[in-house]
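Here the sequence shown stands for residues 23 to 410, numbered as in this note's numbering. Even glycine gets a Cβ: it sits at the ideal position worked out from N, Cα and C. The structure appears right after this line, and notes come after that.
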Amino acid sequence: MQHHNLKAPNMASNKDEEAMAIMEEDTMENEPEAFEIDHLEEKYDRDSQPMKKSRVFGVFLFVLVISFAFAMTLRNGTDRVPSLSSQNLDRFPEGEAEFGEFPPAMNEPGDVDDIDTHTSLKASLAQRMKPRNLLYNSTVDEEGKLQTTFPPKQFFHLHHMKTGGTSIDSFLRCAANRLSNQIGSAIPQSRLSECGYSSYQRCISGEDENCVSRVKKAATMSYCAPLAQANAFDWDNADAITTIRDPIDRVWSMYRYTTKSCYCCLSLQEVYERHASNTLREICPGTYSGVCLPQIYDHQSRNLLTTLDTEQMDSETKLNEAINNLKYRFSVVGVTNELPTYVEMLGRVFPWLSEDGADFEGDDDIEQKKMRHRAQKFITTQQSLRSF
């Protein structure tokens with residue numbers, strides 16, 4: 023057994039030692055946070071000046087986006103937002119959320135313009151957060167067979183690369199397929215991604231008519247592309263969701279994912295430096311093809327723009343447009359490190375996405391249509407027999 027020599031305390035300095043002990047405890051409590059901050063500073067100080075400017079822009083956008091992501095949980099015009107705690111979500115009876123107060127900044131807007139904006143945003147969110155399912159039309163043909171069709175352009179996911187969007191896409195496909203099985207008719211689904219850059223370009227230019235037709239007829243879509251392109255295909259009135267991630271984490275994730283294919287195994291710092299000095303193309307021309315370069319320059323804010331031609335837009339104008347679209351365009355905004363909570367919220371706004379596969383509105387109507395059709399057919403047959 024190991025023994026430790028403990029010195030007897032000096033009774034004359036008990037108070038001083040107690041004070042020192044309290045200070046040491048406070049220091050130890052704060053040391054992990056301080057270490058993490060120092061570690062992050064050392065890690066990202068290696069970046070070049072262009073990345074630092076991009077990072078400041080991205081972090082500012084992310085902070086604002088997080089605020090609006092929580093605001094997106096506003097429901098039914100109330101002055102409160104649902105708690106995002108998973109434990110609280112489990113306690114919600116019959117889909118009703120437990121509510122907590124808005125942060126003071128949102129409860130107490132400053133001037134008249136702030137109050138008007140706050141009221142307008144609250145009303146808009148309340149409308150967008152009302153639970154609703156996919157729409158469909160059902161008829162029964164002469165043989166008694168049910169024919170179900172889905173109106174196009176109802177719901178889409180705006181997918182930013184390296185934000186967990188692939189997992190969300192899989193979740194959406196699973197829910198849509200489950201619903202298709204319940205109804206007995208396939209839901210038209212499609213996907214458009216600029217990752218397959220050549221096929222993406224053929225589609226948005228109209229050259230690939232089959233792709234254009236699929237996008238126009240789909241009831242649900244995944245757009246791994248700018249919001250502006252979704253609008254160009256007339257999806258601007260569809261329900262929309264999106265997932266966002268800390269911009270620095272997302273850039274590093276994208277860089278590690280495509281270090282060889284996009285950046286020729288150069289360090290990220292060298293990629294930024296050479297791009298800034300116009301010397302990147304000569305040693306790594308592939309960086310300028312497809313979406314390699316846009317992926318490490320404010321990719322999320324770029325995707326949130328509704329302006330197709332952004333060449334003449336300055337950074338502040340782009341930021342304002344991206345934030346405005348987050349405020350007023352999306353029904354639910356998720357955060358990558360809170361995907362389980364995000365999925366819970368999606369199920370509350372869109373019951374067809376819920377874990378238990380909530381009953382699809384209108385199923386009873388379908389059965390009633392079948393019964394009415396059979397009854398009408400029987401009556402018609404009886405009337406025909408009486409006429410002989």
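Inter-residue spacing [alpha-carbon to alpha-carbon] between residue i and residue j
i, j, result
"Glu-366", "Ser-299", "47 Å"
"Leu-180", "Asn-346", "16 Å"
"Gln-251", "Glu-165", "42 Å"
"His-140", "Thr-339", "21 Å"
"Asp-320", "Trp-257", "23 Å"
"Ser-192", "Leu-156", "18 Å"
"Glu-295", "Glu-304", "13 Å"
"Arg-224", "Pro-307", "22 Å"
"Ala-247", "Ser-215", "6 Å"
"Ser-221", "Cys-233", "9 Å"
"Tyr-158", "Gly-369", "19 Å"
"Ser-235", "Met-183", "25 Å"
"Asn-253", "Arg-324", "14 Å"
"Asn-359", "Phe-172", "33 Å"
"Arg-17", "Phe-352", "Outside the displayed range of the chain (23 to 410) lies residue 17, so it cannot be described from this structure."
"Arg-267", "Cys-217", "19 Å"
"Ala-262", "Pro-316", "23 Å"
"Thr-328", "Asn-342", "11 Å"
"Glu-64", "Pro-362", "Because Glu-64 sits at a pLDDT of 47, beneath the cut-off of 50, its placement in the model cannot be relied upon, and the point is left open."
"Lys-167", "Gln-322", "46 Å"
Residue-level contact to chain C via CB, residue i, 9 Å cutoff
i, result
"Thr-188", "As a matter of chain content, chain C is missing from the structure shown, which is built from one protein chain."
Cut-off 7 Å between Cβ atoms - residues of its own chain near residue i, not counting five sequence neighbours on either side
i, result
"Arg-278", "none"
"Asp-163", "Gln-169"
"Leu-326", "Leu-249, Ala-344, Asn-347, Leu-348"
"Ala-260", "Lys-175, Gln-176, Phe-177, Phe-178"
"Tyr-350", "Ser-146"
"Cys-19", "Any property of residue 19 remains undetermined from this structure, which presents the chain solely from 23 to 410."
"Val-371", "Met-151, Pro-153, Ser-353, Val-354"
"Leu-302", "Val-293, Arg-296, Thr-309"
"Thr-161", "Gln-169"
DSSP beta-bridge partners of residue i
i, result
"His-179", "Ser-244, Ile-263"
"Leu-249", "According to DSSP, which records beta bridges pairwise, Leu-249 is partnered with nothing at all."
"Thr-161", "Gln-169"
"Gln-211", "Thr-242"
"Val-357", "Ile-266"
Where residue i falls, given that 16 or more other Cβ within 10 Å makes a residue buried
i, result
"Gln-204", "exposed"
"Cys-284", "buried"
"Tyr-219", "exposed"
"Pro-269", "buried"
"Ala-119", "Any reading at Ala-119 must be qualified, since the residue scores a pLDDT of 34, below 50, and its modelled position is unreliable; no value is offered."
"Pro-373", "buried"
Cβ-based neighbour list, residue i, same chain, cut-off 6 Å, excluding 5 preceding and 5 following
i, result
"Phe-255", "Val-237"
"Gly-356", "Thr-265, Tyr-364"
"Ser-207", "Thr-170"
"Val-293", "Tyr-285"
Near the ligand FAD: residue i beta-carbon under 8 Å from a heavy atom
i, result
"Ser-212", "Of the ligands one can find in the structure shown there are none, so the ligand FAD has no counterpart to examine."
Residues of its chain near residue i, where Cβ-Cβ distance is below 8 Å and the 5 sequence neighbours each way are ignored
i, result
"Leu-375", "Phe-193, Leu-194, Ala-197, Val-365, Leu-368, Gly-369"
If you pair each beta-carbon of the segment 272-280 with each one of the segment 327-336, do three or more pairs fall below 8 Å? no
Tell me, please, whether the segment 299-314 touches the segment 197-211 by the rule of three or more beta-carbon pairs shorter than 8 Å. no
Could you say if the segment 137-149 and the segment 227-239 meet the contact criterion of at least three C-beta pairs nearer than 8 Å? no
Under 8 Å: do the segment 178-197 and the segment 150-157 share three or more Cβ pairs, one atom per stretch? no
For the segment 231-244 against the segment 172-179, do three or more pairs of beta-carbon atoms, one drawn from each stretch, fall closer than 8 Å, so that the two count as touching? yes
Given 8 Å as the limit, is there contact between the segment 370-381 and the segment 194-209, that is, 3 or more CB pairs closer than that? yes
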